[in-house]
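In the numbering used here, the protein residues as written are 1 to 128. Encoded as structure tokens, the structure appears first; notes follow it.
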Amino acid sequence: MKPSSSNKNLHKITPSGRREEGFFHLVYEVVRQIPRGRVSSYGAIAAVLGTKLSARMVGWAMNNAHLVKPKVPAHRVVNRNGLLTGKHHFSHPTEMQELLEKEGIMVKDDKVIHFADLFWDPLKETGL
DNA sequence: ACGCTGACTATTA
DNA sequence: CTAATAGCCAGCG
1 MKPSSSNKNL HKITPSGRRE EGFFHLVYEV VRQIPRGRVS SYGAIAAVLG TKLSARMVGW
61 AMNNAHLVKP KVPAHRVVNR NGLLTGKHHF SHPTEMQELL EKEGIMVKDD KVIHFADLFW
121 DPLKETGL
């Protein structure tokens, strides 16, 4: 419990990235919490991690996400504009959009439609 | 240990 | 609307 708990429990970093790279592990957990049919933004996730001023770290963490298990729904993570910025990092640049459409999310021109309505804020959903 | 990089964001022009 | 610039922080060589 403790709603306003300190979320900066960055465990100790393991030597040379072998297991959860600390910060990365936190990103994966948050992303996994994203319910199907919803999307989140890097900034929002970064805020939960405590590094809201640096959403770059989140995106970078997702780079490893594709080798992390369980699988991380990185396709549900888009930028502040609802743009599929990370689509280019998938197996195929169209895979991200296809996945989102399967979730019931409409994507137009690499942009999530009704993004504000589908936006899932981890700060509120997980920050109880 | 320093410097570069990067799936971002906000601001300014 | 787009383009460019600055800030940001963790991982890797």
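Built from N, CA and C at the ideal position, the CB exists for glycine as well.
Backbone CA spacing between residue i and residue j [nearest angstrom]
i	j	result
residue 60	residue 111	20 Å
residue 84	residue 117	16 Å
residue 104	residue 114	11 Å
residue 101	residue 73	13 Å
residue 166	residue 56	Absent from the structure is residue 166, since the part of the chain shown begins at 1 and ends at 128.
residue 107	residue 97	6 Å
residue 119	residue 58	17 Å
residue 122	residue 34	8 Å
residue 62	residue 124	21 Å
residue 31	residue 95	18 Å
When the options are compared against residue i, the one with the closest alpha-carbon
i	options	result
residue 54	83, 43 and 81	43
residue 75	57, 28, 52 and 47	28
residue 92	66, 82, 106 and 120	66
residue 109	126, 30, 81 and 35	81
residue 37	94, 26 and 99	99
Identity of the residues DSSP links to residue i by a beta bridge
i	result
residue 123	Its beta-bridge partners do not exist; DSSP assigns none.
residue 108	111
residue 41	78
residue 83	111
CB-CB length for residue i against residue j, believed under 8 Å
i	j	result
residue 78	residue 39	5 Å
residue 23	residue 64	Wrong, their Cβ atoms sit about 10 Å apart, outside the cutoff.
Practice task
Mind the definition here: the stretch 83-97 touches the stretch 44-52 only if three or more C-beta pairs lie below 8 Å; say whether that holds.
Solution key: no
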